[in-house]
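Residue numbers (this note's numbering), protein chains in the order written: chain U, 710 to 1148; chain Z, -1 to 193; chain D, 2 to 121.
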């Protein structure tokens, strides 16, 4: 089910970004967040089918007596590992690229400087997308693939650090010499860069099979993944939330609370995950619910726990900030930050039609004055001509309901429920397909 | 800029959005069937017990099925050509024929699968059974969806709601149908002929 | 786009209209169908004629690749359509092919006793 919705979103985003841009919005003028979303969605539509097949095999092994992963029948669980990681590695790029896109928009805004090397950043993103398909077996170095396979994947995994490193230098160069405004969004964006460097470094150490043989399945990996997932994706997402919340809701978030959130989360995160590098190398395995006190990692684990609680506290502060902004947040103008991109030319929150007049884009930084061009004229507050909005529909939800119904058949081991689910799905699809487009 | 209908307004790449989305879908299906075919090939010859492919696969019978599906692709493309030029009489005939040949293919699969079960090959018998039935079963499920889709279009045509103005829907149906045929071309070669 | 309601009667009459857009004509479709049938007959022939068995696999792969290409280029219109559609199809197709080859290499010998200690 997750696969179908992800694929559908994938097709939708790809077509929208490529085929439904505003006039003048050439691909090399598209904001980095949209570019990274495009690459991400190509990764989604290619990687998800592979995990679908892997899971299909697992489901058949469990429910229908097949032997896709059963040694005694001549098969091997290693196939599962391959199918899983063929998806799993592109998946981590699916997780990080959008955050990289966000950071590439937040940093320039609060440095009051265009992104350094936009073209290179875009191409690096595309390259990361492609290369992400060539590294999957670095998750399987301890499985016994053989020296040739290990060497090939080791090489590709080291190479993939290059485009990421390039982006990091571009972000640093964006800040360098800029007129920095230390908003919460900027704190998270800079935090992203710093934490992702650390996570990337531990990641590169995994690229060496001999080193990885000690690291794999230990807490060292947990350290790496949390630096890139938490320090990377989550920090990037928070940067985006603090950046775009005023635009989405029409209310500013409180900057003081925001900075408290950031610092608590930053300290908490490092307390929680940095010690894991050590406890992993000291021999603590991952995916365990307890460990022996003789391992000597109890104190460091305690530090991690304290860090985790700090993170929880920081999130609480964040939630309080969100809640208070509903009524006590200062109303947000169209452009609270002095952003360069189109979304800042319309009201906060945007009207349902978004742009009263679809702008014609002439450059990469439409709302800024640069040496080469002046700022764009914002669309008028009131649309000069009637704008047609598509009508809503309940039928997609009805169709979607068919799927969990069908899944219920598997859980309850009753066949007829599957047919009910399929019938609901078909019914929903037909009503959806044939309702009039114009309402 | 006019916004008469989604299909006709100006797009950034000058391409029909639905067609673009559908080609993206077909691209993702390449990965789906690619994984299934890869598994079949990786496990080929590894069954611990029989029946084995050479004992069970019926090449003459499957060749007829292959021929049937190829002809259905021809009918699909003729259906599209007819609808595009406004000839709905032949459009309906070709659409129905495509669906009919699809049903014949599915019938052939049912007969084949039943034969195999009688000869002792079920989905749980051995590796050949698992990989064969899941691969061809997934393909068969896709054919079934295609047949339903074609029959739906045929009914719309009978109701007078299909014509050259919405020929794009027929074109996209054709893309799906030809893709399903093309996957079968690969399966026929890799599973049946290369044993 | 396409979809002029020019009321043609029989199949081949519309040839002029479609050729003007760079699309294959009905005649082309029929000829492709004939070629596909011939190729299938050849495939089955190669399977049954023992003399071909040494070159069975490459021959079959080539024949089926030609069939695949013909259907995709002509029936699915990729030849006369935007090159971007070819990219949307071709890139994942190549990816799937590379993954398939990689998996075959990774498993080559790995499931036999000898291969268990490391491939190739």
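Just so it is clear, CB atoms sit at the ideal spot from N, CA and C, and this is done for glycine as well.
Note that this is a predicted model, so its numbers are computed, not measured.
Under three-state DSSP, which class holds residue i?
{"i": "residue 8 of chain Z", "result": "coil"}
{"i": "residue 1040 of chain U", "result": "strand"}
{"i": "residue 738 of chain U", "result": "helix"}
{"i": "residue 927 of chain U", "result": "strand"}
{"i": "residue 51 of chain Z", "result": "helix"}
{"i": "residue 994 of chain U", "result": "strand"}
{"i": "residue 186 of chain Z", "result": "helix"}
{"i": "residue 83 of chain Z", "result": "coil"}
{"i": "residue 780 of chain U", "result": "helix"}
{"i": "residue 1035 of chain U", "result": "helix"}
{"i": "residue 771 of chain U", "result": "helix"}
{"i": "residue 44 of chain Z", "result": "coil"}
{"i": "residue 960 of chain U", "result": "strand"}
{"i": "residue 14 of chain D", "result": "Residue placement at residue 14 of chain D is poorly supported in this model, since its pLDDT is 43, which falls under 50; the coordinates are not used for a value here."}
{"i": "residue 174 of chain Z", "result": "helix"}
{"i": "residue 885 of chain U", "result": "coil"}
Using only the alpha-carbon positions, how far apart do residue i and residue j sit?
{"i": "residue 779 of chain U", "j": "residue 43 of chain Z", "result": "15 angstroms"}
{"i": "residue 868 of chain U", "j": "residue 942 of chain U", "result": "21 angstroms"}
{"i": "residue 1135 of chain U", "j": "residue 1144 of chain U", "result": "14 angstroms"}
{"i": "residue 1114 of chain U", "j": "residue 34 of chain D", "result": "43 angstroms"}
{"i": "residue 830 of chain U", "j": "residue 93 of chain D", "result": "24 angstroms"}
{"i": "residue 792 of chain U", "j": "residue 1066 of chain U", "result": "47 angstroms"}
{"i": "residue 140 of chain Z", "j": "residue 188 of chain Z", "result": "19 angstroms"}
{"i": "residue 757 of chain U", "j": "residue 739 of chain U", "result": "26 angstroms"}
{"i": "residue 1202 of chain U", "j": "residue 1047 of chain U", "result": "Nothing in the structure corresponds to residue 1202 of chain U, since chain U is present only between 710 and 1148."}
{"i": "residue 714 of chain U", "j": "residue 764 of chain U", "result": "16 angstroms"}
{"i": "residue 80 of chain Z", "j": "residue 88 of chain Z", "result": "6 angstroms"}
{"i": "residue 103 of chain D", "j": "residue 968 of chain U", "result": "48 angstroms"}
{"i": "residue 116 of chain Z", "j": "residue 72 of chain D", "result": "35 angstroms"}
{"i": "residue 152 of chain Z", "j": "residue 171 of chain Z", "result": "11 angstroms"}
{"i": "residue 47 of chain D", "j": "residue 41 of chain D", "result": "10 angstroms"}
{"i": "residue 34 of chain Z", "j": "residue 129 of chain Z", "result": "8 angstroms"}
{"i": "residue 762 of chain U", "j": "residue 1117 of chain U", "result": "20 angstroms"}
{"i": "residue 900 of chain U", "j": "residue 978 of chain U", "result": "11 angstroms"}
{"i": "residue 54 of chain Z", "j": "residue 112 of chain Z", "result": "12 angstroms"}
If we count the other Cβ atoms within 10 Å of its Cβ and call it buried at 16 or more, is residue i buried or exposed?
{"i": "residue 86 of chain Z", "result": "buried"}
{"i": "residue 998 of chain U", "result": "exposed"}
{"i": "residue 936 of chain U", "result": "buried"}
{"i": "residue 157 of chain Z", "result": "exposed"}
{"i": "residue 963 of chain U", "result": "buried"}
{"i": "residue 733 of chain U", "result": "exposed"}
{"i": "residue 186 of chain Z", "result": "buried"}
{"i": "residue 180 of chain Z", "result": "buried"}
{"i": "residue 857 of chain U", "result": "exposed"}
{"i": "residue 27 of chain Z", "result": "buried"}
{"i": "residue 848 of chain U", "result": "buried"}
{"i": "residue 70 of chain D", "result": "exposed"}
{"i": "residue 828 of chain U", "result": "exposed"}
Mind reading off the beta-carbon distance from residue i to residue j? Whole number of angstroms is fine, and I expect it under 8 angstroms.
{"i": "residue 875 of chain U", "j": "residue 833 of chain U", "result": "5 angstroms"}
{"i": "residue 70 of chain Z", "j": "residue 100 of chain Z", "result": "6 angstroms"}
{"i": "residue 915 of chain U", "j": "residue 933 of chain U", "result": "7 angstroms"}
{"i": "residue 106 of chain Z", "j": "residue 162 of chain Z", "result": "Incorrect: roughly 34 angstroms between the Cβ atoms, too far for contact."}
{"i": "residue 788 of chain U", "j": "residue 851 of chain U", "result": "The Cβ separation is near 17 angstroms, so there is no contact."}
{"i": "residue 1040 of chain U", "j": "residue 960 of chain U", "result": "6 angstroms"}
{"i": "residue 1105 of chain U", "j": "residue 1077 of chain U", "result": "Contact flag wrong, Cβ pair sits at about 39 angstroms."}
{"i": "residue 751 of chain U", "j": "residue 723 of chain U", "result": "7 angstroms"}
{"i": "residue 880 of chain U", "j": "residue 812 of chain U", "result": "7 angstroms"}
{"i": "residue 1108 of chain U", "j": "residue 1137 of chain U", "result": "3 angstroms"}
{"i": "residue 720 of chain U", "j": "residue 22 of chain Z", "result": "5 angstroms"}
Answer yes or no: the CB of residue i versus the heavy atoms of the ligand NAD, is any distance below 7 angstroms?
{"i": "residue 874 of chain U", "result": "The ligand NAD is not part of the structure shown, which contains no ligands of any sort."}
Task: Members of the region 63 to 97 of chain Z that neighbour chain D once the beta carbon cut-off is set at 8 angstroms - done: Using a CB distance below 8 angstroms, the part of the region 63 to 97 of chain Z facing chain D consists of 64, 65, 68, 69, 71, 72, 74, 75, 76, 79, 80, 82, 83, 84, 85 and 88, ordered along the chain.
Task: Residues in the region 79 to 105 of chain D having any Cβ partner in chain U nearer than 7 angstroms - done: When CB distances to chain U are screened at a threshold of 7 angstroms, the residues of the region 79 to 105 of chain D falling below it are 93, 96, 100 and 104, in chain order.
TODO: Mind checking the region 98 to 124 of chain Z against chain U and listing, in chain order, the residues whose C-beta falls within less than 7 angstroms of any C-beta there?
DONE: So the list reads 121, 122 and 124, given in the order they occur along the chain.
TODO: Could you run through the region 1116 to 1139 of chain U and flag, in chain order, every residue whose CB is less than 9 angstroms away from some CB of chain Z?
DONE: Against chain Z - using a Cβ distance shorter than 9 angstroms - the residues of the region 1116 to 1139 of chain U are 1135 and 1139.
Task: Residues of the region 5 to 25 of chain Z whose Cβ lies closer than 7 angstroms to any Cβ of chain U, in chain order - done: Listed by position along the chain: 9, 10, 11, 13, 15, 18, 19, 22, 23 and 25.
Task: Members of the region 754 to 770 of chain U near chain Z, C-beta cut-off 8 angstroms - done: Going along the region 754 to 770 of chain U in chain order, one finds 754, 755, 756, 757, 758, 759, 761, 762, 763, 765, 766 and 769 with a Cβ nearer than 8 angstroms to chain Z.
Open item on the list: Along the region 849 to 873 of chain U, where does the CB come closer than 8 angstroms to a CB of chain D? Name the residues.
Closed with: Listed in sequence order: 853, 854, 855, 856, 857 and 858.
- [ ] Could you list the residues in the region 25 to 38 of chain D with a C-beta less than 9 angstroms from some C-beta on chain Z, going in chain order?
- [x] Listed in sequence order: 25, 26, 27, 30, 31, 33, 34, 37 and 38.
Task: chain Z contacts from the region 928 to 946 of chain U (Cβ-Cβ distance under 7 angstroms) - done: For the region 928 to 946 of chain U, which is checked against every Cβ of chain Z, not one residue is closer than 7 angstroms.
Open item on the list: So if I threshold CB-CB distances at 7 angstroms, which residues from the region 28 to 43 of chain Z count as touching chain U?
Closed with: If the cut-off is 7 angstroms between Cβ atoms, the region 28 to 43 of chain Z has 29, 30, 33, 34, 37, 40 and 41 near chain U.
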